[in-house]
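Numbered according to the working numbering, the first sequence spans residues 1 to 302.
Okay, structure first, notes after.
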Amino acid sequence: MLIAGPTASGKSALALDLAARIGGVVINADSMQVYRDLRIITARPTPEDEARVPHALYGHVDAAENYSVGRWCSDAAEAMNESRVRGLVPIITGGTGLYYKALTQGLSAIPPVSADIRAATRARLAAEGVEALHAELASIDPPAAARLMPRDATRITRAIEVFAATGRPLTDWHREGLRPLLDPQRAIGLFLMPDRAVLYARIAARFDAMLEAGALDEVAALDARRLDPALPAMKAHGVPWLRRHLAGDLSLEEAAEEAMRDTRRYTKRQLTWFRNQMPGWDFVAPEAARDHILGRLTPGAT
RNA sequence: GGCCACGUGGCGGAGUGGUUACGCGCCGGUCUGCAAAACCGUUUACCCCGGUUCAAUUCCGGGCGUGGCCU
């Protein structure tokens with residue numbers, strides 16, 4: 001079972017409910033809830049939730065690490081195997097669209113790029129600018145250069161470093177996909193889709209609740225580690241703005257406004273992703289989700 | 001009551017007698033190992049009426065509204 005939906009749509013609660021009901025394990029598919037240091041600010045399931053039903057891949061990574069889709073795929077494969085052994089239904093939930101795509105459509109067999117090469121490529125990006133890298137890509141991997149927007153620093157850098165590390169253009173690697181971990185035919189993909197206005201109101205209410213629950217202290221503790229601000233965990237919604245508030249750059253109200261805005265934008269992108277990248281998924285209103293999924297589990301029932 | 005200033009798209013904010021600044025928001029889209037990232041696109045604008053003019057959001061007059069000062 002794959003349960004996705006925008007931030008604050010009630011995915012976790014639904015997953016917990018289903019897991020308790022049918023005997024399942026909740027496996028995280030959220031790129032930020034994996035980080036140990038970010039519990040409150042990412043709305044990770046509480047210890048009580050985790051005590052009720054088995055959970056996997058929550059807070060198992062240190063914020064100093066660069067987690068990735070690739071690592072998630074192998075972690076998820078392991079978690080699914082374990083659930084099979086225990087006779088539990090894997091219920092994968094989270095909002096990271098790319099993880100679901102990799103899970104159901106496979107990833108290319110690109111070897112890991114060394115930290116040295118990555119650092120060197122990033123340094124070049126900073127020194128030479130995106131345009132220079134894009135021009136270089138046009139000579140080593142013309143299709144990739146044509147496909148990518150000239151200012152898309154992230155993907156251009158990736159294409160350059162894959163070539164630097166493997167001597168083969170990224171486009172070649174993409175032609176050889178690995179078999180997906182999960183056969184989409186054997187899974188139910190559900191996307192919770194709340195009314196936009198309701199969702200935006202929930203985002204605001206939820207951020208206020210996070211602050212009351214100690215989000216600022218959590219960010220202060222993370223801040224004290226003096227990690228590289230470019231790390232993924234340092235970019236979790238609310239973290240950059242709350243850090244700026246802690247530094248005295250802006251008021252808590254301003255930081256909260258910005259954090260909520262980032263979250264709103266993100267939910268919009270999530271919607272776009274699932275709508276267009278995940279064919280075959282069911283889009284359901286949160287209130288109707290549980291009955292919908294239970295109905296699909298028992299084909300005889302309506 | 002008098003004087004002055006101003007009325008531009010959801011908001012902020014330029015500007016021009018003829019060719020729809022721009023920013024933000026909203027909305028839509030792209031996506032194969034940092035994805036809560038990175039990137040792209042779009043958006044019923046010139047308060048109302050009359051005049052001048054080939055042509056008015058832009059000039060002139062009146063009205064209405066807003067703000068400031070004065071009585």
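Even glycine gets a Cβ: it sits at the ideal position worked out from N, Cα and C.
This one's a predicted model, so the numbers in the text were calculated from it and none came from an experiment.
Which two residues bound the contiguous beta strand (DSSP E) that contains residue i?
i, result
"residue 90", "89-93"
"residue 181", "No beta strand (DSSP E) contains residue 181, which DSSP labels as neither H nor E."
By Cβ distance below 6 Å, which residues in the same chain neighbour residue i in space, the five residues on each side in sequence not counted?
i, result
"residue 194", "9 and 286"
"residue 206", "8"
"residue 215", "40 and 41"
"residue 173", "108 and 110"
"residue 92", "2, 27 and 29"
For residue i versus residue j, is the C-beta spacing smaller than 7 Å?
i, j, result
"residue 141", "residue 121", "no"
"residue 182", "residue 104", "yes"
"residue 28", "residue 2", "no"
"residue 61", "residue 34", "yes"
"residue 281", "residue 191", "yes"
"residue 289", "residue 88", "no"
"residue 160", "residue 133", "yes"
"residue 137", "residue 145", "yes"
"residue 45", "residue 267", "no"
Can you list, in chain order, the residues of its chain whose CB lies under 8 Å from that of residue i, leaving out five sequence neighbours each side?
i, result
"residue 53", "16, 19, 20, 24, 25 and 26"
"residue 49", "12, 16 and 55"
"residue 189", "2, 4, 100, 104, 278, 280, 281 and 282"
State the CB to CB distance for the pair residue i and residue j, rounded to an integer number of angstroms; the pair is presumed to be in contact (CB under 8 Å).
i, j, result
"residue 108", "residue 176", "6 Å"
"residue 30", "residue 94", "3 Å"
"residue 66", "residue 231", "7 Å"
"residue 203", "residue 149", "Actually they are not in contact, since the Cβ atoms of residue 203 and residue 149 sit about 28 Å apart, beyond 8 Å."
"residue 37", "residue 224", "At roughly 10 Å, the Cβ-Cβ gap does not stay under 8 Å, so residue 37 and residue 224 are not in contact."
"residue 297", "residue 64", "Not confirmed; about 41 Å, so no contact."
"residue 239", "residue 252", "Their Cβ separation, rounded to whole angstroms, is 14 Å, which puts residue 239 and residue 252 out of contact at 8 Å."
"residue 157", "residue 125", "5 Å"
"residue 237", "residue 217", "About 17 Å; that fails the 8 Å criterion."
Give every residue of the same chain whose Cβ lies closer than 7 Å to the Cβ of residue i, excluding the five residues on either side of it in the sequence, and list them in chain order.
i, result
"residue 220", "246"
"residue 151", "130"
"residue 250", "244"
"residue 255", "241, 242, 244 and 245"
"residue 73", "102, 103, 107 and 181"
At what residues does the alpha helix (DSSP H) containing residue i begin and finish?
i, result
"residue 3", "Taken as a continuous stretch (DSSP letters only), residue 3 belongs to no alpha helix (DSSP H), being part of the beta strand (DSSP E) at 2-4."
"residue 97", "97-105"
"residue 22", "11-22"
"residue 50", "47-52"
"residue 78", "69-85"
"residue 57", "Element bounds for residue 57: n/a, residue is neither H nor E."
"residue 246", "239-246"
- Can you check the region 267-299 for any alpha helix (DSSP H) of at least 4 residues that lies completely inside it and give the ranges in chain order? Scanning the region 267-299 from its first residue to its last, the whole alpha helix (DSSP H) runs of 4-plus residues come out as 289-297.
- Task: Report the residue ranges of all alpha helix (DSSP H) runs contained in full by the region 164-225; include only those spanning at least 4 residues, in chain order.
- Result: 170-175, 196-212 and 215-224
- What are the complete alpha helix (DSSP H) segments, minimum 4 residues, inside the region 96-158? The qualifying runs are 97-105, 115-128, 130-140 and 142-147.
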